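Only one structure is covered here, and it is reproduced in the block below.
There are 2 protein chains.
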Amino acid sequence: MKKILIIESKKNISKQIVDFLQENNYEIHIIYNEFEKINYTELNSYDIILLNLEVFQEKDIEILNKIVKEGIPVIVILDKVIDDNIIKILKNGNNDYIVKPFKKTDLLTRINLRLKQDFYEMYQYKNIIIDATKKIVYKDNKKVGLRLKEYQLFLLLIKNVDNILSKREILSKVWGINVELKTRTIDYHIQQLRKKLDLKNDIITISKIGYYLRKEK
Amino acid sequence: MKKILIIESKKNISKQIVDFLQENNYEIHIIYNEFEKINYTELNSYDIILLNLEVFQEKDIEILNKIVKEGIPVIVILDKVIDDNIIKILKNGNNDYIVKPFKKTDLLTRINLRLKQDFYEMYQYKNIIIDATKKIVYKDNKKVGLRLKEYQLFLLLIKNVDNILSKREILSKVWGINVELKTRTIDYHIQQLRKKLDLKNDIITISKIGYYLRKEK
DNA sequence: ATAATATGAAAAAAATTTTGATAATTGAAA
DNA sequence: TTTCAATTATCAAAATTTTTTTCATATTAT
């Protein structure tokens, strides 16, 4: 069960919202207007923090800054006015904000988004960088246009560097379990990867068995 | 001009690399092996930090932790061995690492990626959330499958809430300047958006002129 | 030597975008 | 207010583009 910490600056968040989040399987803790008592390192035991900034004050910025620096996702609940300073601070991490009035479901969406979001899924192999968050592959600083199947296959290879992948395994993981393919499909895509990413000597063929991406030296 | 701070743990980074980064329009500052003197809050005046961990030591972890908490993107330069603790810390933010030996251009790519990466481009309209970073649109917590043209058009609309967009403007911004289209194309896509996103009453038609997305009430 | 894989082009399939025919709506003029 | 011409909405079909698969042949490996 994910834990949410709600920090109230002045007015309390509505009980409705708290109930709603609890119904949606979040464990809720609340700190009421007691900024002095916050132990910032303890914040790390929460999965996400909702900071309810009812009335905007200078000291709020300070507090927000400290929280954000802890690296926990924060969603700031703002009262009508959007403050540029706040937005700037929020950019230093996996954060978000929402302006009143908002729908409970919107808040939930944003919470879910922040928690789901693995914003650091990156891989590297030689001169190739895979930003799996955005599904973009770079080779030598430049985007490489991989097709869906190529991308999926490459991700499978790179997640299994030095592990041989049988054709059967590749088939089921990239194309799906019940798919029947003629023999050339997998190796065509292997060729494409070798060509597009300059991996002629890195994707190894094991005759009759399958393929693997060998470890960089 | 973006500022890079290079922090050296022991051996110096090659002059070649420094020169190369300078050639690429970065302002470089270097701290040599003087961790005690680091003023962590001052780090915030840099856009990105390169931490050159030549020999891995316990105190390095401590320092890295502090830097990461400042929220500035860090790229750790590791000497051969990848340390799991380091990777874990790096995940608390917009960070990265690179292992020696590496190509100058690879380092540059990673620097650019970290800086460019606006991982906070989000828009919201009613029950719709647009994660422009990943080009995903959610309605009521669920992904909506927008096609490219639909997505582009919607982004244009949402970036111009309450501003009337002439068809000519839409055409040039979504389809390109020199494109000749028959009359139904734009409005077909408008209909698709209205349908897929439930915006029948929100996307307003101005006869003979164009369209706009009206401000939420 | 034989079977398997590589290669490149062609075919097929899938997805996306545009268009055309018709219906509904709008707005200006009578 | 009604009418009519023009514009937009709607939906399905056509066209286009992109992606994926397959086939024929060459190459390579066992």
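Going down the list, the protein sequences come from chains A and B.
Using this note's numbering, you'd call the opening residue of the first sequence number 1 and step up by one each time.
Using this note's numbering, you'd call the opening residue of the second sequence number 1001 and step up by one each time.
Glycine included, C-beta positions come from ideal geometry on N, C-alpha and C.
Since we're looking at a predicted model, the values are computed, not measured.
Report all residues from its chain with a CB closer than 6 Å to the CB of B/Q1152; omit the five preceding and five following residues, and keep chain order.
Start at 1 with the first residue of the second sequence, and residue 1152 of chain B comes out as number 152. Closer than 6 Å at Cβ, skipping near neighbours: V1174.
Determine contact between the stretch 1102 to 1113 of chain B and the stretch 1016 to 1034 of chain B, defined as no fewer than three beta-carbon pairs at a distance below 8 Å.
yes
6 Å Cβ shell around B/H1003 - same chain, five flanking residues per side excluded:
Along the second sequence, one-based indexing puts residue 1003 of chain B at 3. In the sequence as presented, His is not what sits at residue 1003 of chain B; that position holds Lys. If we look at B/K1003 and ignore the five residues flanking it on each side, its Cβ neighbours are E1027, Y1046 and D1047.
Using a beta-carbon distance below 8 Å, is A/M1 in contact with chain B?
Along the first sequence, one-based indexing puts residue 1 of chain A at 1. Not closer than 8 Å to any Cβ of chain B, the Cβ of A/M1 fails to qualify, so no.
Which partner residues of B/E1027 appear in the DSSP bridge assignment?
Here residue 1027 of chain B corresponds to residue number 27 of the second sequence, with the count starting at 1. Its beta-bridge partners are B/K1003.
What is the DSSP secondary structure of B/T1205, counted as helix, strand or coil?
As a first step, residue 1205 of chain B must be located in the second sequence, where it is residue number 205. In the structure shown, B/T1205 sits in a strand (DSSP, three-state: E or B).
Report the residue from A/Y40, A/R184 and A/L156 whose alpha carbon sits nearest the alpha carbon of A/S172.
Indexing the first sequence from 1 puts residue 172 of chain A at position 172. Ranking the options by Cα distance to A/S172, first place goes to A/L156.
What does the alpha-carbon distance come out to for the pair A/G176 and B/I1129?
As a first step, residue 176 of chain A must be located in the first sequence, where it is residue number 176. As a first step, residue 1129 of chain B must be located in the second sequence, where it is residue number 129. The alpha-carbon atoms of A/G176 and B/I1129 are separated by roughly 31 Å.
Over what stretch of residues does the alpha helix (DSSP H) that includes B/D1187 continue unbroken?
Position 187 of the second sequence holds residue 1187 of chain B. From DSSP, the alpha helix (DSSP H) with B/D1187 extends over R1184 to L1197.
Taking the Cβ atom as the reference point for each residue, do A/L53 and A/I31 lie within a distance shorter than 8 Å?
For this step, residue 53 of chain A is matched to residue 53 along the first sequence. For this step, residue 31 of chain A is matched to residue 31 along the first sequence. Not a contact, by the Cβ cut-off of 8 Å.
Applying the 10 Å Cβ sphere with the 16-neighbour rule, what's the burial state of A/N201?
The residue given as residue 201 of chain A occupies position 201 in the first sequence. Exposed: under 16 other Cβ atoms inside 10 Å.
Check whether the Cβ of B/I1129 lies closer than 8 Å to any Cβ atom in chain A.
By one-based count along the second sequence, residue 1129 of chain B stands at place 129. It does; some Cβ of chain A falls within 8 Å.
Looking at the unbroken alpha helix (DSSP H) that takes in B/L1148, where does it start and where does it end?
As a position in the second sequence, residue 1148 of chain B is number 148, starting the count at 1. Residues L1148 to I1158.
Should A/D19 be labelled buried (16 or more other beta-carbon atoms within 10 Å of its own) or exposed?
What you label residue 19 of chain A is simply residue 19 of the first sequence in a count that begins at 1. So A/D19 counts as exposed.
Pairwise C-alpha distance: B/I1158 and A/Y123:
In the first sequence, the residue the question calls residue 123 of chain A occupies position 123. In the second sequence, the residue the question calls residue 1158 of chain B occupies position 158. C-alpha separation (whole angstroms): 33 Å.
With DSSP run on the structure shown, which of helix, strand or coil describes A/N12?
Start at 1 with the first residue of the first sequence, and residue 12 of chain A comes out as number 12. Correct three-state label for A/N12: coil.
DSSP on A/Y40, reduced to helix/strand/coil?
The residue labelled residue 40 of chain A in the question sits at position 40 within the first sequence. Residue state, collapsed to three classes: helix.
State whether the stretch 1006 to 1015 of chain B contacts the stretch 195 to 209 of chain A, with contact taken as three or more CB pairs (one from each stretch) at a distance under 8 Å.
no
Is A/T183 close to chain B, meaning its C-beta is less than 8 Å from at least one C-beta of that chain?
If you number the first sequence from 1, residue 183 of chain A lands on position 183. Answer no: the Cβ-Cβ gap between A/T183 and chain B never drops below 8 Å.
Please list the partners that B/V1068 has in chain A, where partner means a Cβ-to-Cβ separation under 8 Å.
As a position in the second sequence, residue 1068 of chain B is number 68, starting the count at 1. Within 8 Å Cβ-Cβ: G71.
Leaving aside the five residues before and after A/K66 along the sequence, list all residues of the same chain whose C-beta is less than 7 Å from its C-beta, in chain order.
Counting from one through the first sequence, the residue named residue 66 of chain A turns up at place 66. Excluding residues within five positions, the ones whose Cβ falls inside 7 Å are Y40.
Looking at the structure shown, is A/Q57 part of a helix, part of a strand, or coil, going by DSSP?
As a first step, residue 57 of chain A is located in the first sequence; it is residue number 57 there, counting from the start. Correct three-state label for A/Q57: coil.
Excluding the 5 residues preceding and the 5 following B/L1051 in the sequence, name in chain order all residues of the same chain whose CB lies nearer than 6 Å to its CB.
Translated into positions along the second sequence, residue 1051 of chain B becomes position 51. Same-chain partners within the cutoff: I1007, V1074 and V1076.
Return helix, strand or coil for B/D1079, following the three-state DSSP convention.
As a working mapping, residue 1079 of chain B is identified with position 79 in the second sequence. Note: B/D1079 maps to coil in three-state DSSP.
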